[in-house]
Amino acid sequence: MSKIKVLNPVVEMDGDEMTRIIWDKIKHNLILPFLEIDIKYYDLSIQKRDETNDQIT
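The sequence shown lines up with residues 20 to 76 when you count with my numbering.
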């Protein structure tokens with residue numbers, strides 16, 4: 020089965036705790052097996068916001 024090609028990139032905004040775990044399962048089980056997609060990743064976790072003095076939000 021061939022993958023559906025997505026023409027435009029999609030933004031992935033990673034968060035904290037369970038949202039990170041749930042999103043990872045959704046992405047790897049329901050999206051990546053079926054779509055050829057360019058994902059732009061942004062880490063919005065507390066640790067990353069602290070590292071950047073909230074410049075990423």
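Note that the Cβ used here is the ideal one computed from N, Cα and C, for glycine as well. Fair warning: this is a prediction, and the values are worked out from it, not measured in the lab.
What does DSSP give as the partner residue(s) for Val29 in the beta ladder?
Position 10 of the sequence shown, counted from the first residue, corresponds to residue 29. Per DSSP, Ile58.
For Arg39 and Asn48, I'd like the C-alpha separation in whole angstroms.
Here the question's residue 39 lines up with position 20 in the sequence shown. Here the question's residue 48 lines up with position 29 in the sequence shown. If I take the Cα positions, the gap works out to 14 Å.
Provide the residue(s) that pair with Ile23 in DSSP beta bridges, ordered along the chain.
On the sequence shown, position 4 is the one that residue 23 refers to. DSSP lists Leu54 as partners of Ile23.
Which whole-angstrom value describes the C-beta separation of Asp35 and Ser64, a residue pair presumed to lie in contact below a C-beta threshold of 8 Å?
By one-based count along the sequence shown, residue 35 stands at place 16. By one-based count along the sequence shown, residue 64 stands at place 45. That belief holds up - the Cβ atoms of Asp35 and Ser64 are roughly 5 Å apart, short of 8 Å.
In angstroms, rounded to a whole number, what distance separates the CA positions of Ile59 and Val29?
In the sequence shown, residue 59 corresponds to position 40, counting from 1. In the sequence shown, residue 29 corresponds to position 10, counting from 1. Reading off the sequence, residue 59 comes out as Lys, not Ile. Those two C-alpha atoms are separated by around 6 Å.
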